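Colleague: Pasting a structure below so you can have a look.
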Amino acid sequence: MDACLAVEREVDKVSSKFVSLRDHTENTVDELSSSIESIRNELNEVPGDRELTPAQSLILSQSIRRVKDAVSRMSTEHKDLHGSVSKVGKAVDRNFVTDFSSVIIDNAFEGDWKQRILDEVICEHFLRQGMLDIAEALNEEAMLNIDGTSKEPFLELHRILNGLKQKNLEPALRWAEQNRNGLIEINSSIEFKLHRLQFIDLIRQGPERQLEALMYTRNFAPFATHHAKELQVLMGSLLYLRQGIHISPYAYLLDPIYWDEICDVFTRDACALMGMSVESPLSISIRAGCVALPPLLKIKQVMQQRQVSGVWSSKDELPVEIDLGEEYRYHSIFACPILRQQSNDINPPMRLICGHVISKDALNKLSNGTKVKCPYCPMEQVPVEAKMIYF
Ligand SMILES: [Zn+2]
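As C-alpha cells, this is what we get:
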C-alpha cells in the first residue's frame, strides 16, 4: 500500500504540473493570437500600394519576436514535463519488486505437456470471458485442437447471458427447461426465478396485460410446493394491477436488482451443471499468487539476510503457511503433526485406534515391526489397525 501511495504522489505531481502548463500555454496562445489578429486587422486597413509606417513595422517585428520567444519557452516547459513523467517510472521501479526470480520455480512451465496445459487454461479463460475470437486465435496458433463440442457450452452460456442482459428471458427459459432434471439435482431454483421475472415483467406493464399475466401463472404449477410463499406474494401483487404495482406494497418486485441477480444465479448454476467452477481457474490462480507473493518475497529476503537460504530448497513446498483467506479454501487438508507435511494420495492421514491421526509416513517411521506407540497418548497398538482417512 505504501508503495502505491508513493507512486501516486509522483503521479499527482505530474498531473498538477501538466494542468498548470496546459492552462499557462492556452493563455499564452490566446493572448498571442488575439494580438496577431489585431495587427492583421490594422494591416488590412492599410491600402495595398502604401508602405508600412516605421511604427507599424516596429510593432510587427516586436510581435514576431514575442511569438518566437513564447514558442521556445513553451517547448522548454514541455521538455521539463518529461523529467517529471520519468520520475513516475523511477518511482514504480523503486517501490515495486520486479525481480521475482527468487520465488519462481525455474522449470514450472518447461516441457510440452505443461506448456499445453497452460495454453488450455488460458484458452478456457478467454472462452469463459466471452472473448471468443481471442480464444479461437490461441486455439489455432498453439494447435490446441479444442473442438466445437467443448466450445459449445461456453458459446451457449454467453448467448443466454447476453439475452438476460437485454432482458430477454426466452433463451434462458428454454435452457432451464431442457436441463430441468440436472438443475433439480443441484438444488437450483433458476427456472422458477426466470418465470418469476417474466411474470413481474407482465404485471409491470399494467392492466392491459392482466389476462396474459393470469395465463402465465400456469407456468408456476411445478414450483408450487417449493416456492409457495413467493407465489403467494406474486398472486397478491395482482390485486394492485389497476392501481399500479409501482405505488403498491409490491413495488419492490420491480427492483432492477433482480435482473442482475438472475445473471449471477444463471452463471453459477450453469457452471455447476457443466461441472466447472464459477470463476476462471486462471484468474483465481493469479489472484492467489498476488496475495502469496509479498510474504514469500519477504521470507526469501529474511532468509538471505540470515544466510539460511538453503532452508527453502524444495521448491514444490512453501517455507511457511500462507493464509489466502476463506475465499480460496476449497477443501480440507491434513498436515501431519509429526512430520509437518501435508498429506497426499501416497502419504494419506491414518487414524490410530486411540483416535489420534498422523500421516502414513509417520506411522511407518514410528512403528517398530508389529507395534507402534501413539506419539500423543501414548497407547501401544498394532500399525495395521490404523485406518486411512478420506477428506
Ligand atoms: Zn493416541
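Each number in the numbering used here comes from the position in the sequence shown (counting from 1) with 45 added on. By construction, the Cβ of each residue, glycine as well, lies at the ideal position given by its N, Cα and C atoms. Note that the coordinates shown come from a computational prediction; the quantities given were computed from them, not determined experimentally.
Work out the CA separation of I367 and L408 for me, nearest whole Å.
Modeller: To locate residue 408, count along the sequence shown from 1; it is residue 363. To locate residue 367, count along the sequence shown from 1; it is residue 322. So the alpha carbons of these two residues sit roughly 27 Å apart.
Colleague: Out of S120, V74, H127, which one is the CA nearest neighbour of S60?
Modeller: On the sequence shown, position 15 is the one that residue 60 refers to. Considering only alpha carbons, the answer is H127.
Colleague: Have a look at E90 and K58 and give me their C-alpha separation to the nearest angstrom.
Modeller: The residue given as residue 90 occupies position 45 in the sequence shown. The residue given as residue 58 occupies position 13 in the sequence shown. Computed Cα separation, rounded: 48 Å.
Colleague: If I'm right that C308 touches K210 with Cβ under 8 Å, what's the distance once you round it to whole angstroms?
Modeller: For the purposes of this step, residue 308 is taken as residue 263 along the sequence shown, with counting starting at 1. For the purposes of this step, residue 210 is taken as residue 165 along the sequence shown, with counting starting at 1. Going by Cβ atoms, the distance from C308 to K210 rounds to 7 Å, so yes, they are a contact pair.
Colleague: Does the Cβ-Cβ distance between K432 and R396 come in under 8 Å?
Modeller: Here residue 432 refers to the residue found at position 387 when the sequence shown is read from its first residue. Here residue 396 refers to the residue found at position 351 when the sequence shown is read from its first residue. A contact, by the Cβ cut-off of 8 Å.
Colleague: Answer yes or no: the CB of M446 versus the heavy atoms of ligand 1, is any distance below 7 Å?
Modeller: A query on residue 446 cannot be resolved here, the shown segment of the chain reaching from 46 to 436 and no further.
Colleague: How is the alpha helix (DSSP H) around V402 delimited, first residue to last?
Modeller: As a working note, residue 402 is residue 357 in the sequence shown. First-last for V402: 402–404, but that is the beta strand (DSSP E), not the alpha helix (DSSP H).
Colleague: Count the other CB atoms within 10 Å of the CB of H291; is the residue buried (16 or more) or exposed (fewer)?
Modeller: Looking up residue 291 in the sequence shown gives position 246. It counts as exposed.
Colleague: State the Cα-Cα distance for the pair L97 and L66, rounded to the nearest angstrom.
Modeller: If you number the sequence shown from 1, residue 97 lands on position 52. If you number the sequence shown from 1, residue 66 lands on position 21. Their backbone Cα atoms lie some 37 Å apart in a straight line.
Colleague: Helix, strand or coil: which one does DSSP assign to P294?
Modeller: Position 249 of the sequence shown, counting from 1, holds the residue named residue 294. In the structure shown, P294 sits in coil (DSSP, three-state: anything other than H, G, I, E or B).
Colleague: Mapping DSSP to helix, strand and coil, what is A380?
Modeller: Numbered from 1 along the sequence shown, position 335 holds the residue referred to as residue 380. A380: strand per DSSP, three-state reduction.
Colleague: Span of the beta strand (DSSP E) holding P394?
Modeller: Here the question's residue 394 lines up with position 349 in the sequence shown. Residues 394–396.
Colleague: Where does N190 sit, in a helix, a strand or coil, going by DSSP?
Modeller: On the sequence shown, position 145 is the one that residue 190 refers to. Here N190 sits in coil by DSSP.
Colleague: With distances taken from CA atoms, which of V166, G175, Q288, T73 is nearest D114?
Modeller: Position 69 of the sequence shown, counted from the start, is the residue given in the question as residue 114. Ranking V166, G175, Q288, T73 by Cα distance to D114 puts T73 first.
Colleague: Taking 7 Å as the line, does the beta carbon of Y373 fall inside it for any heavy atom of ligand 2?
Modeller: With respect to ligand 2, the structure shown offers nothing to examine, as its ligands consist of ligand 1.
Colleague: So, do the segment 321–331 and the segment 278–298 have three or more beta carbon pairs nearer to each other than 8 Å?
Modeller: With the cut-off at 8 Å, the segment 321–331 and the segment 278–298 do not touch.
Colleague: With contact counted as at least three CB pairs below 8 Å, one residue from each stretch, are the segment 244–261 and the segment 220–233 in contact?
Modeller: The segment 244–261 is not in contact with the segment 220–233.
Colleague: Return yes when the Cβ of V133 is within less than 8 Å of the Cβ of E55, no when it is not.
Modeller: For this step, residue 55 is matched to residue 10 along the sequence shown. For this step, residue 133 is matched to residue 88 along the sequence shown. Yes; because the gap between Cβ atoms is below 8 Å, this pair is in contact.
Colleague: For I231, which of L318, A153, Q346, R219 has the nearest alpha-carbon?
Modeller: Here residue 231 corresponds to residue number 186 of the sequence shown, with the count starting at 1. The option with the nearest alpha carbon to I231 is L318.
Colleague: Using only the alpha-carbon positions, how far apart do L276 and H203 sit?
Modeller: Looking up residue 276 in the sequence shown gives position 231. Looking up residue 203 in the sequence shown gives position 158. When rounded, the distance between both Cα atoms is 30 Å.
Colleague: Check each candidate in A48, Q255, T270 and name the one with the smallest Cα separation from R287.
Modeller: Numbered from its first residue, the sequence shown carries residue 287 at position 242. It is Q255.
Colleague: State yes or no: is the C-beta of C422 nearer than 7 Å to some heavy atom of ligand 1?
Modeller: Stepping through the sequence shown from its first residue, residue 422 is reached at position 377. For ligand 1, at least one heavy atom lies less than 7 Å from the Cβ of C422.
Colleague: In three-state terms, what does DSSP make of K113?
Modeller: The residue you call residue 113 lines up with position 68 of the sequence shown. In the structure shown, K113 sits in a helix (DSSP, three-state: H, G or I).
Colleague: For Y261, I'd like the list of residues in its chain whose CB is within less than 7 Å of its CB, leaving aside the five on either flank, ordered along the chain.
Modeller: The residue given as residue 261 occupies position 216 in the sequence shown. Excluding positions up to five away in sequence, the list reads Q243, F244, L247.
Colleague: By how many angstroms is the C-alpha of P92 removed from the C-alpha of I104?
Modeller: Indexing the sequence shown from 1 puts residue 104 at position 59. Indexing the sequence shown from 1 puts residue 92 at position 47. Answer to the nearest angstrom: the Cα atoms are 18 Å apart.
Colleague: Using the DSSP secondary-structure output, state which residues sit across from E425 in a beta bridge.
Modeller: Taking the sequence shown and counting its residues from 1, one reaches residue 425 at position 380. Paired residues: K418.
Colleague: Just how far apart, CA to CA, sit K135 and D164?
Modeller: Translated into the one-based positions of the sequence shown, residue 135 becomes position 90. Translated into the one-based positions of the sequence shown, residue 164 becomes position 119. Each residue's Cα considered, the two are about 34 Å apart.
Colleague: Less than 8 Å between the beta carbons of P423 and I383, yes or no?
Modeller: Here residue 423 refers to the residue found at position 378 of the sequence shown. Here residue 383 refers to the residue found at position 338 of the sequence shown. Not closer than 8 Å, so no.
Colleague: Kindly indicate which three-state DSSP category K135 falls into: helix, strand or coil?
Modeller: Taking the sequence shown and counting its residues from 1, the one referred to as residue 135 is at position 90. Helix at K135.
Colleague: Compare the C-alpha of A51 against each of V137, Q107, G251, H123 and name the closest.
Modeller: Taking the first residue of the sequence shown as position 1, residue 51 is located at position 6. Ranking the options by Cα distance to A51, first place goes to V137.
Colleague: Tell me whether the segment 189–198 and the segment 159–173 touch, counting them as touching only if at least three CB pairs, one residue from each stretch, are closer than 8 Å.
Modeller: With a cut-off of 8 Å, the segment 159–173 and the segment 189–198 count as touching, because enough Cβ pairs lie within range.
Colleague: Given that a residue counts as buried once 16 or more other Cβ atoms are within 10 Å of its Cβ, and exposed if not, what is F199?
Modeller: On the sequence shown, residue 199 is found 154 positions in, with the first residue counted as 1. Buried, by the Cβ-count rule.
Colleague: Once you ignore the five residues that flank L218 on each side, which residues in its own chain have a CB closer than 8 Å to its CB?
Modeller: Within the sequence shown, the letter at position 173 stands for residue 218. For L218, where only same-chain residues beyond five positions count, the Cβ hits under 8 Å are E236, L239, H240, Q243.
Colleague: For ligand 1, is there any heavy atom lying closer than 7 Å to the beta carbon of C399?
Modeller: Stepping through the sequence shown from its first residue, residue 399 is reached at position 354. The answer is yes for C399.
Colleague: Report the CB separation of Y373 from A315 in whole angstroms; it is logged as a contact under 8 Å.
Modeller: If you number the sequence shown from 1, residue 373 lands on position 328. If you number the sequence shown from 1, residue 315 lands on position 270. The Cβ separation is near 23 Å, so there is no contact.
Colleague: Is the beta carbon of S377 less than 8 Å from the beta carbon of N392?
Modeller: On the sequence shown, residue 377 is found 332 positions in, with the first residue counted as 1. On the sequence shown, residue 392 is found 347 positions in, with the first residue counted as 1. Against a cut-off of 8 Å, the Cβ pair of N392 and S377 comes out as no contact.
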